[in-house]
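Anchor point for the sequence shown: position 261 equals 260 in numbering that gives the first Met the number 0, and the numbering is continuous, going up by one each time.
Glycine is no exception: its CB is placed at the ideal position from the N, C-alpha and C atoms.
What you are looking at is a predicted structure, and each value in this text was computed from that prediction instead of being measured.
Each remark here refers to the structure printed beneath this line.
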Amino acid sequence: MSYMLFNNEIVERSKCVDIEDRGYQFGDGVYEVVGVYSGEPMLMDEHLQRLERSAKEIQLNLPYTMPELKRQLTQLAAQNQLEEGIIYLQVSRGASPRWHEFPEGNIPAVTVAYTREEERMTDIEDNGGTAVLTEDMRWLRCDIKSLNLLPNVMAKQKAVENNAVEAILHRGDTVTEASASNVFMVKNDKVYTHPANNYILNGITRQKILELCGEHTIPVVEETFTVKQLLEADEVFVSATKSDIIPILKVDDHTIADGTPGKITHQILKHFRMFISQIEKNVHS
0 MSYMLFNNEI VERSKCVDIE DRGYQFGDGV YEVVGVYSGE PMLMDEHLQR
50 LERSAKEIQL NLPYTMPELK RQLTQLAAQN QLEEGIIYLQ VSRGASPRWH
100 EFPEGNIPAV TVAYTREEER MTDIEDNGGT AVLTEDMRWL RCDIKSLNLL
150 PNVMAKQKAV ENNAVEAILH RGDTVTEASA SNVFMVKNDK VYTHPANNYI
200 LNGITRQKIL ELCGEHTIPV VEETFTVKQL LEADEVFVSA TKSDIIPILK
250 VDDHTIADGT PGKITHQILK HFRMFISQIE KNVHS
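Put into C-alpha cells, the structure is as follows:
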C-alpha cells in the first residue's frame with residue numbers, strides 16, 4: 000500500500016482530483032522535489048525555503064509553516080519506507096469556479112505530496128551522456144518553481160527522441176539551463192554557470208555545487224555564456240535533484256573536448272558524493 004500527503008493527513012493514494020483545482024486548470028501553484036538517500040531526505044530545509052519564496056512570488060499563502068511541512072514530509076517518507084527516491088510536494092491555490100483572476104474569499108490552498116522510488120544514477124554520472132540544444136520558450140519568471148512546465152516537457156521530449164539525457168535551453172545565443180536541470184561549463188579550470196536571476200531556477204543541487212566549489216577552491220564564475228562558448232568548453236555538466244551531476248559528452252553533433260568526463264566535473268561529483276555519504280553516516284550512526 001502506498002500513501003500520500005493530502006493537506007495535513009497521510010492517506011492512501013487517491014485517484015481523484017477536483018476538476019476545478021487551479022493547479023489542474025491553470026498550473027496555479029508551486030512545487031518541490033526532495034531527494035531521499037538511504038532513507039534520509041536531503042537538503043529539505045533548502046527546498047522548503049525555495050517553496051516559501053516561490054509561493055510568495057505568486058501571492059499564494061501556504062497553509063502550513065515550514066517546520067510543519069518538514070515534519071509531515073519526513074513522516075510520509077518513513078511511512079512509505081522510502082530508502083532511495085524522491086518526495087514530490089505541490090501546493091495549489093485551491094478549487095474554485097474557473098475564472099482567471101484569484102478566487103475571492105477564503106479558498107483553502109491544497110497541499111499534496113507523495114513519494115516515488117528512484118535509484119541513484121551512478122552509471123550515467125560516472126560515464127556521462129549527451130544533450131540536445133533547443134530554444135528556451137518559457138516565461139520570464141523561471142526563478143519561480145511553478146506548476147507551468149509544458150515548455151520543459153516539450154524540451155525533455157526532444158531529448159528523449161534523440162536518445163539524449165537532457166535538452167539544453169538557450170534564449171537567442173545565451174545558454175540558460177536545461178529542461179529539468181542547471182547547466183555548467185568548465186573552461187581553463189573555471190566553472191561557469193548562468194547567474195541565479197529570473198531566467199533560471201536556482202537549483203538546490205546547483206547551490207550545493209557552488210558551496211562545494213568554494214570549500215575546495217574550485218573557481219566559479221556566475222555569468223552568462225553563449226552556445227558557441229558551451230560547444231568550445233573543456234567540460235559540460237548538468238545538475239538536478241537525485242540525478243545529481245551528469246557529465247555531458249556531446250551536444251547535438253558536437254563532441255565536448257575529447258568526449259570523456261572531465262577532471263573538474265569528476266572532482267565536483269566526488270565532493271558531492273562525499274557530502275551525501277557524510278549525511279548518511281551521521282544519520283545512521
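Excluding the 5 residues flanking it on each side, Arg140 has same chain C-beta neighbours closer than 8 Å at Glu56 and Asn197, in chain order. Burial state of Gln89 is buried, judged by a 10 Å Cβ sphere holding 16 or more other Cβ atoms.
When C-beta atoms of the stretch 267-283 are compared with those of the stretch 154-166, fewer than three pairs fall below 8 Å, so the two segments do not count as touching. Bounds of any beta strand (DSSP E) do not take in Asp122; it lies within the alpha helix (DSSP H) bounded by Thr121 to Asn126. Listed in chain order, the alpha helix (DSSP H) runs fully inside the stretch 147-177 are 149-160, counting runs of at least 4 residues. Taking the Cβ atoms as the reference, Ile9 lies roughly 6 Å from Leu75, within the contact range of under 8 Å.
Rounded to whole angstroms, the gap between the alpha carbons of Cys15 and Thr64 is 26 Å. The alpha-carbon of Asp188 is positioned some 49 Å away from that of Phe101. Taking Glu82 as the centre and dropping the five residues before and after it, the same chain places the C-beta of Ser37 and Gly38 closer than 7 Å to its C-beta, in chain order.
By the neighbour-count definition (other C-beta atoms within 10 Å, threshold 16), Thr133 is a buried residue. For Ile203, the enclosing alpha helix (DSSP H) begins and ends at Ile203 to Glu214. Sequence-distant Cβ neighbours of Val33 in its own chain, meaning closer than 6 Å and more than five residues away, are Pro40, Met43, His46 and Ile86.
The DSSP assignment places complete alpha helix (DSSP H) segments of no fewer than 4 residues inside the stretch 12-62 at 21-25 and 43-56, in order along the chain. Asp257 and Ser238 have their C-alpha atoms roughly 21 Å apart. Each residue's CA atom was taken as its position, placing Ile167 and Pro62 some 35 Å apart. Here Asp172 is exposed, its C-beta having fewer than 16 other C-beta atoms within 10 Å.
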